[in-house]
Every structure is written in structure tokens, then in C-alpha cells.
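S.K.:
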Amino acid sequence: MDGLGATTTNQQQQGFPVRNRIFARLIDGVVTNFVWNLYLDHLLLVITQIGTVGTVIAARRDASFEGRSTYSTSVVVGRREDPGVELAARQLVQALGEMGCSRPITLCLGVRELQPACVRQLVAAVRQDNVWSS
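Mind the numbering: the sequence shown is residues 1 to 134 in UniProt numbering, read in order.
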């Protein structure tokens with residue numbers, strides 16, 4: 001499964017007005033829980049290895065220019081000084097935009113080490129097993 005480890009939990013609920021998806025993956029050898037809540041006008045994505053929401057980031061698509069979208073992110077609560085959080089948030093939001101998400105996003109990152117290899121694995125997991133997949 002792309003070197004990410006087996007999905008240990010996979011649960012999806014479809015219904016109005018919120019679609020949910022919960023799953024877990026091994027990211028850098030650590031069990032990482034993913035919780036999606038897709039509302040009519042917003043997306044909440046929680047990614048945690050520590051059992052709490054960690055750093056909360058607000059993100060939105062700002063503009064499109066020549067077919068490319070730009071995104072703004074801001075830390076609402078948590079590790080503002082950590083450049084790894086900003087990198088991970090931008091990579092994840094960019095991937096979500098490429099998957100067709102145009103809603104504002106609240107991203108919660110409770111990940112121990114946000115090294116580039118870890119961020120790549122997180123993005124791959126989000127692309128592979130998301131609230132849009134069946």
C-alpha cells in the first residue's frame with residue numbers, strides 16, 4: 001500500500017449534512033489517525049499521532065491565475081513558530097485543492113515530527129483514502 005502500512009481502521013459515514021471518514025495509517029512507523037468531516041461549506045481534517053488535535057490551521061483558496069490556485073494558511077492555535085507546520089499545511093491544502101476541494105479548510109495537525117518524508121507520506125495518505133473515495 002505505497003509503503004504507508006495497512007489501514008488499521010477504516011470507517012465511513014455518509015449522510016446529510018456531514019460526511020465522515022476515519023482511518024489510521026503507519027506514518028514513519030507511528031500510528032496516525034485521520035478524521036475527515038466534510039460539511040456543505042467547510043472541510044475539517046484532523047491528522048494526529050498524539051491523540052489530540054495539535055496545531056489548528058485555517059486555510060482557504062485565495063485566487064486562481066492561469067489555472068493555478070493560491071492558498072493562504074494561518075495558525076489559529078498551536079505551534080506558530082514551527083516552519084514544518086506551515087510546510088505540511090501548504091502541501092496538504094495544495095493536494096486537497098488538486099483533488100477538487102474548494103471549501104475553506106480547518107486542518108488539525110498533531111504529528112510528532114514534521115520532516116519532509118513524513119509530510120510526503122501524509123499527503124499520499126490523504127490523496128489515497130479521503131472523504132471523496134468510496
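From the three backbone atoms N, C-alpha and C, an ideal C-beta is built for every residue, glycine too.
Fair warning: this is a prediction, and the values are worked out from it, not measured in the lab.
Per the contact definition of three or more C-beta pairs closer than 8 Å, is the region 81 to 90 in contact with the region 50 to 67?
M.R.: Because the criterion of three Cβ pairs below 8 Å is met, the region 50 to 67 and the region 81 to 90 touch.
S.K.: Decide yes or no for the touch test of the region 120 to 132 against the region 66 to 75: beta carbon pairs closer than 8 Å, at least 3 of them.
M.R.: No, the region 120 to 132 does not touch the region 66 to 75.
S.K.: Taking Cβ positions, are L43 and I105 nearer each other than 8 Å?
M.R.: The sequence position of residue 43 within the sequence shown is 43, counting from 1. The sequence position of residue 105 within the sequence shown is 105, counting from 1. Taking 8 Å as the Cβ cut-off, L43 and I105 qualify as a contacting pair.
S.K.: Quick one: grab the DSSP three-state call for L92.
M.R.: For this step, residue 92 is matched to residue 92 along the sequence shown. It is helical.
S.K.: How long is the line joining the alpha carbons of Q12 and V53, rounded to whole angstroms?
M.R.: Sequence index remark: in the sequence shown, residue 12 carries index 12 (1-based). Sequence index remark: in the sequence shown, residue 53 carries index 53 (1-based). Only weak support is given to the placement of Q12: the predicted model assigns it a pLDDT of 49, under 50, and the value that follows is read from those uncertain coordinates. Between Q12 and V53, the C-alpha separation is close to 20 Å.
S.K.: Given a cut-off of 8 Å on the beta-carbon distance, is the pair C108 and I47 in contact?
M.R.: Taking the sequence shown and counting its residues from 1, the one referred to as residue 108 is at position 108. Taking the sequence shown and counting its residues from 1, the one referred to as residue 47 is at position 47. A contact, by the Cβ cut-off of 8 Å.
S.K.: Which residue's Cα is closest to the Cα of R19: W36, I27, V30?
M.R.: For the purposes of this step, residue 19 is identified with residue 19 of the sequence shown, where counting begins at 1. Considering only alpha carbons, the answer is W36.
S.K.: Taking 8 Å as the threshold (C-beta atoms), are I50 and residue 135 in contact?
M.R.: What is shown of the chain runs 1 to 134, which leaves residue 135 out entirely.
S.K.: Quick check on the DSSP output: the beta strand (DSSP E) that includes C108 runs from which residue to which?
M.R.: Numbered from 1 along the sequence shown, position 108 holds the residue referred to as residue 108. Counting along the chain, the beta strand (DSSP E) containing C108 begins and ends at 105 to 110.
S.K.: Runs of 4 residues minimum, wholly inside the region 24 to 73: which ones carry the alpha helix (DSSP H) assignment?
M.R.: Fully enclosed alpha helix (DSSP H) runs of 4 or longer: not present.
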